[in-house]
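Asker: In our numbering, the protein residues as written are 12 to 423.
This structure is in structure tokens; I'll ask about it shortly.
Right, dumping it as structure tokens:
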């Protein structure tokens, strides 16, 4: 068993390399400059390797992304621009970027302690509420810095938070691929995110704000202290329905020993009205984050990662030694639907910003989820408790909605 450190981190660890502003170097093959080693991960948008700069010996993570669609280059250029602004000890830093042979290579700070998500899913970790509050304090600190630079992350979730070491509690936030610069004077609407963590205003295609990230922060806190997902439904439509009506509770036995301070923190983040949510700065002042109350171990069930019958994805069928944890994580990341495929809706995409806007003269929203029991849920009726099963047990397929192609989607 690995007991996650409960000691408050003192000071900041010096960065792996000095902060720098990176310009994309074009026409240069990074494999001539860096020595690639083991693969760290593979996803829909690229492959990540460990690597070492030949001239300095600096160890890094190299993400290779192929340029397939028209907007791919602009998306990566946007991410590089924002990473050049975000120099903070709790944010993984950018080292270099290259474009060569229709492929981008982004060199990032190497963080080797694994995902925060592993601390929730993997039974080998013992995660107490105190350790959870230390994680959340660092997350709020980083989010406050991000917002202070007029940027919204828009994909805050445990998979995008890495730990520096396996048993330590220091973190780094990664993946600014969906992040957007934000001007409060200009309306911004987006149609992407990870539904279990996304805010109601995204589901409803309404204007977003810094508060959109704070909803996700509340969901992360809920997941950490309980191992449960507050809004997960039987499918993506039900999940979005639960988010739209803001239905969640703390009735599961996993919350029996969770402190009132933690419950209050979550409640203050998961508020439907954006203006009523905690800001990142206010979150840092919250008693659960700031003070040191008497903590108890969260009441995790020992069968968190093996009490469900997983559905193997096609991509995993080649391996007979896949663990339940790996299956759960793959399923959670799998695309299970696209809001832009919802019928009888029209969306326009602004070419320059790739943000979705309503056609001229119309007010357009996503079709609200229509479930037979939705009205009953809104009125407080009770339904099956399966919606609130553990992330792993429910084996939810999480959809990572990326920015859709810049085109007009006609009514079907």
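Beta carbons are placed, not taken as given, at the ideal position from N, Cα and C, and that holds for glycine.
These figures come from a predicted structure and were not determined experimentally.
1) Helix, strand or coil for residue 193, going by three-state DSSP, please let me know.
2) I need the boundaries of the beta strand (DSSP E) containing residue 15, first residue and last residue.
3) At 4 residues or longer, and completely inside the segment 192-243: list those alpha helix (DSSP H) runs for me, N to C.
4) Counting pairs of Cβ atoms below 8 Å between the segment 18-25 and the segment 74-86, do you hit three or more?
5) Residue 45 by DSSP, collapsed to three states: which one?
6) Answer with yes or no whether the minimum CB distance from residue 200 to chain B is below 8 Å.
7) Exposed or buried, residue 130, counting other C-beta atoms within 10 Å across all chains shown (16 or more means buried)?
8) If we ignore side chains and look at the alpha-carbon of each, how far apart do residue 25 and residue 48 end up?
9) Which ranges does the alpha helix (DSSP H) cover as unbroken runs of at least 4 residues, wholly within the segment 64-97, from first to last along the chain?
10) Given this structure, state the Cα-to-Cα distance separating residue 104 from residue 153, to the nearest angstrom.
11) I think residue 299 touches residue 275, with their Cβ atoms under 8 Å apart; what is that distance to the nearest whole Å?
12) At what residues does the beta strand (DSSP E) containing residue 167 begin and finish?
13) For residue 218, which residues of its own chain have a beta-carbon under 8 Å away from its beta-carbon, when the five flanking residues on both sides are left out?
14) Is the Cβ-Cβ distance between residue 60 and residue 51 less than 8 Å?
15) From the DSSP output, in three-state form, read off residue 33 for me.
16) Give me the Cα-Cα distance between residue 181 and residue 204, rounded to the nearest whole angstrom.
17) Does DSSP classify residue 136 as helix, strand or coil?
18) With three or more beta-carbon pairs closer than 8 Å as the criterion, would you say the segment 234-252 touches the segment 150-166?
19) What does a CB cutoff of less than 7 Å around residue 169 pick up in its chain, not counting 5 residues either side in sequence?
20) Under a three-way DSSP split, which group does residue 176 fall into?
21) With a CB to CB cut of under 8 Å and the five nearest residues on each side skipped, what residues in its chain are close to residue 30?
22) Quick one: grab the DSSP three-state call for residue 117.
23) Determine the closest residue to residue 112 out of 261, 40, 265, with distance taken between C-alpha atoms.
24) From 57, 186, 273, pick the residue whose C-alpha is nearest to that of residue 163; which is it?
25) Classify residue 252 as buried or exposed, calling it buried when 16 or more other Cβ atoms lie within 10 Å of its own Cβ.
26) On the DSSP letters alone, give me the boundaries of the beta strand (DSSP E) that residue 273 sits inside.
27) Look at the alpha carbon of residue 277 and the alpha carbon of residue 171, and state the distance between them as a whole number of angstroms.
28) With a CB to CB cut of under 6 Å and the five nearest residues on each side skipped, what residues in its chain are close to residue 229?
29) Please tell me whether residue 183 and residue 122 are closer than 8 Å, where the distance is taken between their beta carbons.
30) Looking only at C-alpha atoms, which of 206, 120, 221 sits nearest to residue 190?
31) So, at 8 Å on beta carbons, what are the nonlocal neighbours of residue 34 in its own chain, with the 5 sequence-adjacent residues on each side left out?
32) In terms of residue numbering, what span does the beta strand (DSSP E) encompassing residue 184 cover?
33) Going by beta carbon distance, what residues of the same chain come within less than 8 Å of residue 28, once the five residues before and after it are set aside?
34) Taking the CB atoms as reference points, tell me whether residue 115 and residue 87 lie closer together than 8 Å.
35) To the nearest angstrom, how far is it from the Cα of residue 23 to the Cα of residue 77?
Answerer: Taking the structure as given:
1) Here residue 193 is taken as the residue at index 182 of the chain shown, counted from 1. Looking at residue 193 - three-state DSSP - the assignment turns out to be coil, as it is neither helix nor strand.
2) As a working note, residue 15 is residue 4 in the chain shown. That residue, residue 15, is in no beta strand (DSSP E); it is neither H nor E in DSSP.
3) 211-214, 222-237
4) no
5) Here residue 45 is taken as the residue at index 34 of the chain shown, counted from 1. Three-state result, residue 45: strand.
6) Although the question refers to chain B, the structure presented lacks it and comprises just one protein chain.
7) For the purposes of this step, residue 130 is identified with residue 119 of the chain shown, where counting begins at 1. Flag for residue 130 reads buried.
8) Position 14 of the chain shown, counting from 1, holds the residue named residue 25. Position 37 of the chain shown, counting from 1, holds the residue named residue 48. Taking the straight line joining both Cα atoms gives about 25 Å.
9) 83-96
10) Counting from one through the chain shown, the residue named residue 104 turns up at place 93. Counting from one through the chain shown, the residue named residue 153 turns up at place 142. Answer to the nearest angstrom: the Cα atoms are 13 Å apart.
11) Mapped onto the chain shown, residue 299 falls at position 288. Mapped onto the chain shown, residue 275 falls at position 264. Their Cβ separation, rounded to whole angstroms, is 7 Å, which keeps residue 299 and residue 275 in contact under 8 Å.
12) Your numbering for residue 167 matches position 156 in the chain shown. Premise fails: residue 167 is in no beta strand (DSSP E) and is neither H nor E.
13) As a working mapping, residue 218 is identified with position 207 in the chain shown. Excluding positions up to five away in sequence, the list reads 198, 199, 200, 212.
14) Taking the first residue of the chain shown as 1, we reach residue 60 at position 49. Taking the first residue of the chain shown as 1, we reach residue 51 at position 40. In contact: residue 60 and residue 51 (Cβ atoms closer than 8 Å).
15) Taking the chain shown and counting its residues from 1, the one referred to as residue 33 is at position 22. Residue 33: coil per DSSP, three-state reduction.
16) The residue labelled residue 181 in the question sits at position 170 within the chain shown. The residue labelled residue 204 in the question sits at position 193 within the chain shown. Taking the straight line joining both Cα atoms gives about 25 Å.
17) By 1-based counting over the chain shown, the position of residue 136 is 125. Secondary structure of residue 136 (DSSP, three-state): strand.
18) no
19) As a position in the chain shown, residue 169 is number 158, starting the count at 1. Taken in chain order, the residues that qualify are 126, 127, 128, 131, 231, 234.
20) Working through the chain shown from its first residue, we reach residue 176 at position 165. Coil at residue 176, not helix or strand.
21) Within the chain shown, residue 30 is the residue found at index 19, counting from 1. Correct list, in chain order: 98, 104.
22) Stepping through the chain shown from its first residue, residue 117 is reached at position 106. Secondary structure at residue 117: strand, using DSSP grouped into helix, strand and coil.
23) Within the chain shown, residue 112 is the residue found at index 101, counting from 1. Closest option to residue 112, Cα to Cα, is 40.
24) Along the chain shown, one-based indexing puts residue 163 at 152. Among 57, 186, 273, the Cα nearest to that of residue 163 belongs to 186.
25) Translated into positions along the chain shown, residue 252 becomes position 241. So residue 252 counts as buried.
26) In the chain shown, residue 273 corresponds to position 262, counting from 1. Run containing residue 273: none in the beta strand (DSSP E); it sits in the alpha helix (DSSP H), 271-280.
27) As a position in the chain shown, residue 277 is number 266, starting the count at 1. As a position in the chain shown, residue 171 is number 160, starting the count at 1. Rounded to whole angstroms, residue 277 to residue 171 spans 19 Å at the Cα level.
28) Taking the chain shown and counting its residues from 1, the one referred to as residue 229 is at position 218. Here the set comprises 277, 280, 281.
29) Translated into the one-based positions of the chain shown, residue 183 becomes position 172. Translated into the one-based positions of the chain shown, residue 122 becomes position 111. Their beta carbons are under 8 Å apart, which means residue 183 touches residue 122 by this criterion.
30) On the chain shown, position 179 is the one that residue 190 refers to. The shortest C-alpha separation from residue 190 is found at 221.
31) Taking the first residue of the chain shown as 1, we reach residue 34 at position 23. 108, listed in sequence order.
32) Translated into the one-based positions of the chain shown, residue 184 becomes position 173. From DSSP, the beta strand (DSSP E) with residue 184 extends over 182-184.
33) In the chain shown, counting from the first residue as 1, residue 28 sits at position 17. For residue 28, where only same-chain residues beyond five positions count, the Cβ hits under 8 Å are 69, 104, 106, 120.
34) In the chain shown, the residue the question calls residue 115 occupies position 104. In the chain shown, the residue the question calls residue 87 occupies position 76. Contact: yes.
35) Here residue 23 refers to the residue found at position 12 of the chain shown. Here residue 77 refers to the residue found at position 66 of the chain shown. If you take the alpha carbons of residue 23 and residue 77, they lie about 35 Å apart.
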